[in-house]
Amino acid sequence: MAWELWKEGNQFELVDPALRDSCSEDQVLRCIHVGLLCVEDNVIDRPTMSDVLSMLTSDAQLPLLKQPAFSCLKTRLGRKRSLLFIYYKATSDFCLLEA
Numbered sequence: 355m356a357w358e359l360w361k362e363g364n365q366f367e368l369v370d371p372a373l374r375d376s377c378s379e380d381q382v383l384r385c386i387h388v389g390l391l392c393v394e395d396n397v398i399d400r401p402t403m404s405d406v407l408s409m410l411t412s413d414a415q416l417p418l419l420k421q422p423a424f425s426c427l428k429t430r431l432g433r434k435r436s437l438l439f440i441y442y443k444a445t446s447d448f449c450l451l452e453a
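Numbering-wise (the numbering used here), the sequence shown opens with residue 355 and increments by one.
Dropping the structure here:
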């Protein structure tokens, strides 16, 4: 879901509405960006923990994102039921879960 919101430019929707006014949007977007870097499909593309610390404590430009190994999409089936679609890029496998 985070990846889908990022692609749509709606990544700030990941933040709890009760917290949105009390945090810096730039800092939140930076944290989300770094988090998505940590789940890159190829291990070589993932930052080390020292890289993560550096990315979070500086204003340096962050690497471009690629699609993460997993993508999730949640769809409501009704008032109390949802369907969760999980796609694994490496094998093109997918899983559907009812939630």
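The beta carbon of each residue, even a glycine, is placed where N, CA and C say it ideally should be.
Fair warning: this is a prediction, and the values are worked out from it, not measured in the lab.
Here L390 is near L419, since their CB atoms are less than 8 Å apart. Beyond the five residues adjoining it in sequence on each side, V388 comes within less than 8 Å, by CB distance, of P401, V406, M409, L410 and L416 in the same chain, given in chain order. The C-beta distance from I386 to A356 rounds to 6 Å, short enough to meet the 8 Å contact threshold. Between the alpha carbons of D395 and Q421 lies a distance of about 7 Å. The alpha carbon of D413 has as its nearest neighbour, out of V369, V393, F366 and L383, the alpha carbon of L383. The beta carbon of V369 sits closer than 6 Å to the beta carbons of V382 from its chain, once the five residues preceding and following it are set aside; these are given in chain order. Along the length of the segment 357–400, whole alpha helix (DSSP H) runs at least 4 residues long occupy 379–391, reported in chain order.
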